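A.B. asks:
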Amino acid sequence: MSNPSLLILAGDGIGPEVMAQVQRIITWYGDKRGLNFDVSEDLVGGAAYDAHGVPLHDDTMAKAQEVDAVLLGAVGGPAYDDLDFSVKPERGLLRLRKEMDLYANLRPAQCFDALADFSSLKTELVSGLDIMIVRELTAGVYFGEPRGIFEEGNERVGINTQRYTESEIERGARSAFELAMRRNKKLCSMEKANVMESGILWRDVVTEVSKDYPEVELSHMYADNGAMQLVRAPKQFDVIYTDNLFGDILSDCAAMLTGSLGMLPSASLGAPMENGRPKAMYEPVHGSAPDITGQGKANPSACILSFAMALRYSFDQGEEADRLEAAVEKVLADGTRTADLMQAEGDTPVSTEEMGSAIIAALDASL
Ligand code: IPM
Ligand code: MG
Numbered sequence: 066m067s068n069p070s071l072l073i074l075a076g077d078g079i080g081p082e083v084m085a086q087v088q089r090i091i092t093w094y095g096d097k098r099g100l101n102f103d104v105s106e107d108l109v110g111g112a113a114y115d116a117h118g119v120p121l122h123d124d125t126m127a128k129a130q131e132v133d134a135v136l137l138g139a140v141g142g143p144a145y146d147d148l149d150f151s152v153k154p155e156r157g158l159l160r161l162r163k164e165m166d167l168y169a170n171l172r173p174a175q176c177f178d179a180l181a182d183f184s185s186l187k188t189e190l191v192s193g194l195d196i197m198i199v200r201e202l203t204a205g206v207y208f209g210e211p212r213g214i215f216e217e218g219n220e221r222v223g224i225n226t227q228r229y230t231e232s233e234i235e236r237g238a239r240s241a242f243e244l245a246m247r248r249n250k251k252l253c254s255m256e257k258a259n260v261m262e263s264g265i266l267w268r269d270v271v272t273e274v275s276k277d278y279p280e281v282e283l284s285h286m287y288a289d290n291g292a293m294q295l296v297r298a299p300k301q302f303d304v305i306y307t308d309n310l311f312g313d314i315l316s317d318c319a320a321m322l323t324g325s326l327g328m329l330p331s332a333s334l335g336a337p338m339e340n341g342r343p344k345a346m347y348e349p350v351h352g353s354a355p356d357i358t359g360q361g362k363a364n365p366s367a368c369i370l371s372f373a374m375a376l377r378y379s380f381d382q383g384e385e386a387d388r389l390e391a392a393v394e395k396v397l398a399d400g401t402r403t404a405d406l407m408q409a410e411g412d413t414p415v416s417t418e419e420m421g422s423a424i425i426a427a428l429d430a431s432l
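According to the numbering used here, the sequence shown holds residues 66 to 432 in order.
1. Considering only the alpha carbon of each residue, which of Ile-234, Arg-172, Ala-75, Pro-211 lies closest to Gly-223?
2. If I'm right that Val-26 touches Ala-238 with Cβ under 8 Å, what's the distance once you round it to whole angstroms?
3. Leaving out five residues on either side along the sequence, give the residues of the same chain with a beta carbon under 6 Å from the beta carbon of Glu-82.
4. With the cut-off set at 7 Å, would you say Ala-241 and Val-191 are in Cβ contact?
5. Are there three or more Cβ pairs, one per stretch, closer than 8 Å when the region 143-155 is compared with the region 285-303?
6. Is it true that the region 312-330 meets the region 120-140, where meeting means three or more beta-carbon pairs spaced less than 8 Å apart?
7. Report the start-end ranges of each alpha helix (DSSP H) in the region 228-263 that is 4 residues or longer and not cut off at the edges.
8. Assign Glu-189 to one of three DSSP states: helix, strand, or coil.
9. What is the chain-ordered set of residues for which the beta carbon lies under 5 Å from any non-hydrogen atom of the ligand IPM?
10. For Phe-380, which of Ile-265, Leu-158, Tyr-347 has the nearest alpha-carbon?
11. Considering Lys-128, what are the terminal residues of the beta strand (DSSP E) in which it resides?
12. What distance in whole Å lies between the Cβ atoms of Gly-111 and Gly-138, which are believed to be in contact at a cut-off of 8 Å?
13. So the alpha helix (DSSP H) Ile-90 belongs to, where does it begin and stop?
14. Note down, in chain order, each residue of its chain lying with its Cβ closer than 6 Å to the Cβ of Met-420, except the 5 sequence neighbours on either side.
15. Helix, strand or coil for Pro-365 per DSSP?
16. Taking Ser-422 and Met-321 to be in contact with their CB atoms under 8 Å, please state how far apart those CB atoms are, rounded to whole angstroms.
17. Do you know how far the Cα of Cys-318 is from the Cα of Asp-303?
18. Could you give the first and the last residue of the continuous beta strand (DSSP E) run that contains Tyr-114?
19. Would you report the Cα separation of Leu-266 and Asn-259, rounded to the nearest angstrom?
20. Should Gly-76 and Ala-354 be called a contact, given that it needs their Cβ atoms to be closer than 7 Å?
21. Tell me which residues share the same chain as Ser-254 and place their Cβ nearer than 6 Å to its Cβ, disregarding the 5 neighbours each side in the sequence.
22. For Leu-108, which residues in the same chain have their Cβ closer than 6 Å to its Cβ, ignoring the five residues on either side in sequence?
23. Report the residue ranges of all beta strand (DSSP E) runs contained in full by the region 305-345; include only those spanning at least 3 residues, in chain order.
24. Verify the CB distance criterion: does Asp-178 have a CB-CB separation below 7 Å to chain C?
25. Flag this pair as yes or no: are the beta carbons of Arg-388 and Ser-331 separated by less than 7 Å?
26. Provide the residue span of the beta strand (DSSP E) that contains Ile-198, from first to last.
27. Helix, strand or coil: which one does DSSP assign to Ser-184?
28. Please report the residue range of the beta strand (DSSP E) in which Met-286 lies.
29. Just mark Lys-187 as buried or exposed, buried being the case when its beta carbon has 16 or more other beta carbons within 10 Å.
30. What are the boundary residues of the beta strand (DSSP E) that includes Thr-226?
31. Hey, Gln-457 and Gly-213: beta-carbon distance below 7 Å or not?
32. Tell me the DSSP bridge mates of Asp-103?
33. From the DSSP output, which residues share a beta bridge with Ile-214?
34. Start and end of the beta strand (DSSP E) containing Arg-172?
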């Protein structure tokens, strides 16, 4: 059998720096665990725009459709702020999500014990926190038509459309219920059924799907209350299922509970391919961080933990994913930290590469 294939799209800003550390981890798995991957690389975002005038070349899109999993770094940066909307770096990312039909975006917010002090919340509210946000990723207001800026009378009007079909709500809900079954069997669905018809439909469909998962305790919450509850008492949640826009916002909020955006991975999954693996893309939740680009300061953990999610969700290597997550946790517990995780004045941060080396050393020690 041939090796599973990975397409690396490191992208912009700190993307290439953190992805370089992931490449070292991939090599480690080949050398030490006999898990070999066929790795190819290509451009996305501003890097693709600079080379091709588009944020994602058609050939790259075609490659992404062929591989077993895509690993993405980050897109965007100030150099691209004034570009036409249609060629902004973010459009490359959205095209990948849409054309690969990656409808279930898994964003775990897990608070490592060693980092509980970094949370903006009191330690006791977040220690042991482990929630999973499932964000619908291919529909809703990000993609709904009509959209645009139009003339109306003597002024302009900006229009976006929140649109959800029953099947779009349902398939994401099934992913969320399946995850809940493997976790603590609690699912909270968030929408705005008090003001939006799409929210009413959302609540209906999720309730209908729940009949197939009688063991899962389902609750519904308005998304604004959800935001409040996330910062009031986040440990009440296990799995949260919500739409594309609310999920974008709520996942940033949940991420910060854990101390640093530099720690959080994500998986975007679609329907199973012929080989049984889901269409998949893995990316850190953090962005391109132009303020620290090129300085060797970035925390590679989120990107490395995204590869751990790939091991788990694409390659059925749950134990190896556990190993990698434990290695990251051990490094943090030992006090090895990048600049985003400095506790006191005078603490010395390690570089991106040193953090990668420490994680590899912890992997070696796990054998
Ligand atoms: C995210 C990001 C993206 C989004 C941007 C970069 C298009 O914020 O993945 O959360 O809005 O989905
Ligand atoms: Mg976001």
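We put the beta carbon where it would ideally sit given N, CA and C, even for glycine. Every value quoted in this text rests on a predicted model; they were computed, and no experiment measured them.
C.D. replies: Walking through what the data contain:
1. Walking along the sequence shown from the start, residue 223 turns up at place 158. If we check each option's Cα against that of Gly-223, Pro-211 comes out closest.
2. As shown, the chain starts at 66 and ends at 432. That puts residue 26 outside it, with no answer to give.
3. Start at 1 with the first residue of the sequence shown, and residue 82 comes out as number 17. Taken in chain order, the residues that qualify are Ala-363, Thr-417.
4. Sequence index remark: in the sequence shown, residue 241 carries index 176 (1-based). Sequence index remark: in the sequence shown, residue 191 carries index 126 (1-based). Not a contact, by the Cβ cut-off of 7 Å.
5. no
6. no
7. 231-247
8. As a first step, residue 189 is located in the sequence shown; it is residue number 124 there, counting from the start. Three-state DSSP puts Glu-189 in a helix.
9. Glu-155, Asp-313
10. Here residue 380 corresponds to residue number 315 of the sequence shown, with the count starting at 1. Among Ile-265, Leu-158, Tyr-347, the Cα nearest to that of Phe-380 belongs to Tyr-347.
11. Counting from 1 along the sequence shown, the entry for residue 128 is found at position 63. Lys-128 -> not in any beta strand (DSSP E); alpha helix (DSSP H) instead, spanning 123-131.
12. For the purposes of this step, residue 138 is identified with residue 73 of the sequence shown, where counting begins at 1. For the purposes of this step, residue 111 is identified with residue 46 of the sequence shown, where counting begins at 1. That pair is no contact at about 12 Å.
13. Translated into the one-based positions of the sequence shown, residue 90 becomes position 25. Counting along the chain, the alpha helix (DSSP H) containing Ile-90 begins and ends at 80-98.
14. Mapped onto the sequence shown, residue 420 falls at position 355. Taken in chain order, the residues that qualify are Pro-365, Thr-403.
15. Start at 1 with the first residue of the sequence shown, and residue 365 comes out as number 300. Of the three classes helix, strand and coil, the one that applies to Pro-365 here is coil, per DSSP.
16. Within the sequence shown, numbered from 1, the residue matching residue 422 stands at position 357. Within the sequence shown, numbered from 1, the residue matching residue 321 stands at position 256. Contact flag wrong, Cβ pair sits at about 28 Å.
17. For the purposes of this step, residue 303 is identified with residue 238 of the sequence shown, where counting begins at 1. For the purposes of this step, residue 318 is identified with residue 253 of the sequence shown, where counting begins at 1. Distance between the alpha carbons of Asp-303 and Cys-318: 15 Å.
18. Reading the sequence shown from its first residue, position 49 is the one you call residue 114. Not the beta strand (DSSP E): Tyr-114 falls in the alpha helix (DSSP H), residues 111-117.
19. Indexing the sequence shown from 1 puts residue 266 at position 201. Indexing the sequence shown from 1 puts residue 259 at position 194. Approximately 11 Å between the Cα atoms of the pair.
20. Here the question's residue 76 lines up with position 11 in the sequence shown. Here the question's residue 354 lines up with position 289 in the sequence shown. No.
21. In the sequence shown, residue 254 corresponds to position 189, counting from 1. Within the same chain, Ser-254 has close Cβ partners Val-271, His-285, Tyr-306.
22. Within the sequence shown, the letter at position 43 stands for residue 108. Hits under 6 Å: Ala-116.
23. 330-337
24. The structure shown has no chain C; it contains just one protein chain.
25. Counted from its first residue, the sequence shown places residue 388 at position 323. Counted from its first residue, the sequence shown places residue 331 at position 266. Cβ atoms of Arg-388 and Ser-331: not closer than 7 Å.
26. Start at 1 with the first residue of the sequence shown, and residue 198 comes out as number 133. From DSSP, the beta strand (DSSP E) with Ile-198 extends over 195-201.
27. By 1-based counting over the sequence shown, the position of residue 184 is 119. DSSP places Ser-184 in coil when its eight states are reduced to three.
28. Here residue 286 refers to the residue found at position 221 of the sequence shown. Unbroken beta strand (DSSP E) run through Met-286: 282-287.
29. Counting from 1 along the sequence shown, the entry for residue 187 is found at position 122. Under this definition Lys-187 is an exposed residue.
30. Residue mapping note: residue 226 aligns to position 161 of the sequence shown, counting from 1. Counting along the chain, the beta strand (DSSP E) containing Thr-226 begins and ends at 220-226.
31. Nothing can be reported for residue 457: it is not among the residues displayed for the chain, which extend from 66 to 432.
32. Taking the first residue of the sequence shown as 1, we reach residue 103 at position 38. Answer is Ser-70, bridged to Asp-103.
33. Sequence index remark: in the sequence shown, residue 214 carries index 149 (1-based). In DSSP, Ile-214 forms a bridge with Gly-223.
34. For the purposes of this step, residue 172 is identified with residue 107 of the sequence shown, where counting begins at 1. 169-175 is the span of the beta strand (DSSP E), which, as asked, contains Arg-172.
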